[in-house]
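Each position in the sequence shown, counted from 1, maps to that position plus 146 in my numbering.
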Amino acid sequence: MDTNKIRIFDTTLRDGEQSPGAAMTAEQKLQIARALRDLGVDVIEAGFPISSKIQFDGVKEIADVLQKESNQKESPYIVALARCVEKDIDAAYDATKNNDKKAVHIFIATSPIHMEYKLKKTPEEVLATVKKMISYAKNKGFEHIEFSAEDASRSEFDFLVEVFRTAIDNGATTINVPDTVGYAIPHEYGELIGKLKKAIPEFNDKVYLSVHCHNDLGLANANAISAVVNGATQVEVTINGIGERAGNTALEEFVMSLDTRKDLINKTTNINKKLLYPTSKQLIHLTGLVPARNKPIIGENVFIHESGIHQDGMIKNRQTYEIINPEMIGRDSDTLVLGRHSGMNGFKTRLEKLGIKIEPKEKLEEAFQKFSELADTKKEVYDDDLFVILGDIVNDIPEGYSLKYHSIFSEKDFTSTEKVNQSARVELIKGNKKGNVYEAASSSGDGPVDAIFKAITKITKVEPVLKEYIVQAVSSGTDAQGEVKLSLEIKGEVYNGRGSSTDVIEASAKAYLNAINKHLFVKK
Numbered sequence: 147m148d149t150n151k152i153r154i155f156d157t158t159l160r161d162g163e164q165s166p167g168a169a170m171t172a173e174q175k176l177q178i179a180r181a182l183r184d185l186g187v188d189v190i191e192a193g194f195p196i197s198s199k200i201q202f203d204g205v206k207e208i209a210d211v212l213q214k215e216s217n218q219k220e221s222p223y224i225v226a227l228a229r230c231v232e233k234d235i236d237a238a239y240d241a242t243k244n245n246d247k248k249a250v251h252i253f254i255a256t257s258p259i260h261m262e263y264k265l266k267k268t269p270e271e272v273l274a275t276v277k278k279m280i281s282y283a284k285n286k287g288f289e290h291i292e293f294s295a296e297d298a299s300r301s302e303f304d305f306l307v308e309v310f311r312t313a314i315d316n317g318a319t320t321i322n323v324p325d326t327v328g329y330a331i332p333h334e335y336g337e338l339i340g341k342l343k344k345a346i347p348e349f350n351d352k353v354y355l356s357v358h359c360h361n362d363l364g365l366a367n368a369n370a371i372s373a374v375v376n377g378a379t380q381v382e383v384t385i386n387g388i389g390e391r392a393g394n395t396a397l398e399e400f401v402m403s404l405d406t407r408k409d410l411i412n413k414t415t416n417i418n419k420k421l422l423y424p425t426s427k428q429l430i431h432l433t434g435l436v437p438a439r440n441k442p443i444i445g446e447n448v449f450i451h452e453s454g455i456h457q458d459g460m461i462k463n464r465q466t467y468e469i470i471n472p473e474m475i476g477r478d479s480d481t482l483v484l485g486r487h488s489g490m491n492g493f494k495t496r497l498e499k500l501g502i503k504i505e506p507k508e509k510l511e512e513a514f515q516k517f518s519e520l521a522d523t524k525k526e527v528y529d530d531d532l533f534v535i536l537g538d539i540v541n542d543i544p545e546g547y548s549l550k551y552h553s554i555f556s557e558k559d560f561t562s563t564e565k566v567n568q569s570a571r572v573e574l575i576k577g578n579k580k581g582n583v584y585e586a587a588s589s590s591g592d593g594p595v596d597a598i599f600k601a602i603t604k605i606t607k608v609e610p611v612l613k614e615y616i617v618q619a620v621s622s623g624t625d626a627q628g629e630v631k632l633s634l635e636i637k638g639e640v641y642n643g644r645g646s647s648t649d650v651i652e653a654s655a656k657a658y659l660n661a662i663n664k665h666l667f668v669k670k
């Protein structure tokens, strides 16, 4: 074990998917898994197989496909989550058994409040369960076994040491210390990691000491850095910091913190930093989860300078106000612009530079066709347009509704001297079948977007509550595509949708349908 190299455990596809509205289809999860592999992630937590058939199938597909596509040296561990329960471990094994680097992540709560109220177990019962289930997993043949003490940051230290020793003695190869509710403060969390490393000698050369930090107090990255300074050798992260509640340690923030302050933190990772920004953009366009403009590292405002003093300093030397070169993370100044005369070779070359791999060949040809259609509409196609095309391809739900035709028209309300009613007419195709067309019209919409949403509701019979609606230009120019990202609440669940077009009304309709299709046709 090289203790100067921090292993990156990415849980975007498990903990990250627990963000409201972030549930992904199997194809979307596979696309992100490929991006994580190419990024250089050491461990990919692919899901929680026992929780549902869709989760099991998603983990299995990632484990199977990445095994076929990657050689043994490049391939990351594919981890499945399991409680300390035999059937969970069996499901994790069955989902990953075809992968040479299969792994399981087993967890049980260890804090007094969790043991008493959630588990209803005594400390002695928890210890016995850990011993039995870690041994069971080892006998199943897992190459890598990670054990997590849920709510470790609120657990009693002596009991935590006893639990970890039990797990190691029975086959655990990584011990994870989660700050499950984001409760810890950096110096406190760092001290905990330092004390654990002293108490358990195996952490110095045989067993990885891992941390999993939540961002409820905005301290996830600070806690992870403090843990590494005090001896942690693995950090669990998500792209863009997505995850339940306030999210997790953001992969890009952690990696660039190490890189920028290597003068103080002499640690490295296997991450290809030039793919950080492209991977972030892929996740945004696949899930519809838009980071704040001032989000560290990948936010839209991060490399924009408005202050006159700052602009003057930047002109003289970029390092006066920028501690990270945007090109380091793949925000590339090489803006190769594609157009209607660009062929498949130029298209593929640019995708590869952006870290985008579209497979199989039929999907790539479909993407090129969409690119060609867009290039006929716009004079120039930019990198962000290509991320949108990727989103369109991977977000497609074959059995769902798609927009065939729409029109907006106004009607004068003669009972009022000023009011003009907006109406919409739409035609939808269900299941991509040309003969399966549904038509509806709406009236009295509060503007064209509301009108077209009402028309779609008439056809789909789904009546959601619009929780969020964001419109933004994909690239520059008056002919730029508009991308709409929205959130719908349907029967208590939140679904994110996205759609793009040079016509914002059409983009809105596509986004609305995308969210409704997830409700109707994507099982969790």
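Even glycine gets a Cβ: it sits at the ideal position worked out from N, Cα and C.
Everything numeric in this text was worked out from a predicted model, so none of it was measured.
Whole angstroms is fine: what's the gap from residue i's alpha carbon to residue j's?
i: Thr628; j: Lys656; result: A quick correction: the sequence has Gly, not Thr, at residue 628. Straight-line Cα distance between these residues: approximately 11 Å.
i: Lys550; j: Val383; result: 40 Å
i: Leu429; j: Val353; result: 32 Å
i: Val225; j: Leu182; result: 13 Å
i: Ser590; j: Gln568; result: 6 Å
i: Glu505; j: Ser197; result: 28 Å
i: Asp234; j: Asp240; result: 10 Å
i: Ala368; j: Ala179; result: 26 Å
i: Phe349; j: Ala330; result: 21 Å
i: Leu435; j: Ile444; result: 13 Å
i: Ile259; j: Gly287; result: 33 Å
i: Ile598; j: Ser588; result: 7 Å
i: Ala392; j: Pro437; result: 12 Å
i: Ile321; j: Val327; result: 18 Å
i: Ser372; j: Gly364; result: 14 Å
i: Asp592; j: Ala570; result: 11 Å
i: Ser518; j: Ala192; result: 34 Å
i: His665; j: Ile200; result: 14 Å
i: Val534; j: His431; result: 6 Å
i: Tyr263; j: His360; result: 21 Å
i: Leu520; j: Val527; result: 8 Å
i: Glu635; j: Asp304; result: 45 Å
Could one say the Cβ of residue i lies closer than 7 Å to chain D's Cβ atoms, at least one of them?
i: Tyr423; result: Absent from the structure is chain D; it holds one protein chain and no more.
Helix, strand or coil: which one does DSSP assign to residue i?
i: Ala378; result: coil
i: Asn660; result: helix
i: Asn567; result: strand
i: Val401; result: helix
i: Asp156; result: strand
i: Gly387; result: helix
i: Asn150; result: coil
i: Ile443; result: coil
i: Leu410; result: coil
i: Phe449; result: coil
i: Ser257; result: coil
i: Glu573; result: strand
i: Ile554; result: strand
i: Asn471; result: coil
i: Arg644; result: strand
i: Val650; result: helix
i: Asn416; result: coil
Taking C-beta to C-beta, are residue i and residue j nearer than 7 Å?
i: Ser654; j: Val595; result: yes
i: Ala194; j: Gln380; result: Rather than Ala, the amino acid found at residue 194 in this sequence is Phe. Contact flag unset, no.
i: Pro324; j: Glu302; result: no
i: Ser426; j: Asp531; result: no
i: Ala209; j: Asn150; result: no
i: Thr319; j: Ile339; result: no
i: Leu185; j: Leu421; result: yes
i: Arg477; j: Tyr423; result: yes
i: Val250; j: Ala228; result: yes
i: Met474; j: Lys413; result: no
Give me, in chain order, the residues of the same chain whose beta-carbon lies closer than 6 Å to that of residue i; leave out the 5 immediate sequence neighbours on both sides.
i: Ile605; result: Leu574, Tyr584, Ala586
i: Gly162; result: Thr384, Ile388, Gly389
i: Thr171; result: Val668
i: Val187; result: Ile154, Asp156, Pro222
Just to confirm my understanding: we take residue i, look at its own chain, exclude 5 residues before and 5 after, and list those with CB closer than 7 Å. What are they?
i: Arg311; result: Ile346
i: Glu609; result: Thr603
i: Glu207; result: Ala172, Leu176
i: Gln164; result: Gly389, Glu390
i: Lys277; result: Thr312, Asn316
i: Glu452; result: Because the pLDDT at Glu452 is just 47, under 50, the model does not fix this residue reliably, and the point stays unresolved.
i: Asn582; result: Ile575, Lys576
Subject >> Runs of alpha helix (DSSP H) lying entirely within the segment 288-369, each at least 4 residues, in chain order >> reply: As far as the segment 288-369 is concerned, its whole alpha helix (DSSP H) runs of at least 4 residues are 303-315, 332-345.
Subject >> Contiguous alpha helix (DSSP H) assignments of at least 4 residues, all confined to the segment 189-235 >> reply: Note on the segment 189-235: whole alpha helix (DSSP H) runs with a minimum of 4 residues are 199-215, in chain order.
Subject >> Complete runs of the beta strand (DSSP E) confined to the segment 481-542 [at least 3 residues] >> reply: Restricted to the segment 481-542, not a single beta strand (DSSP E) segment is unbroken, complete and at least 3 residues in length.
Subject >> Secondary structure, alpha helix (DSSP H): runs of 4+ residues fully inside the segment 604-639 >> reply: Listed in chain order, there is nothing to give.
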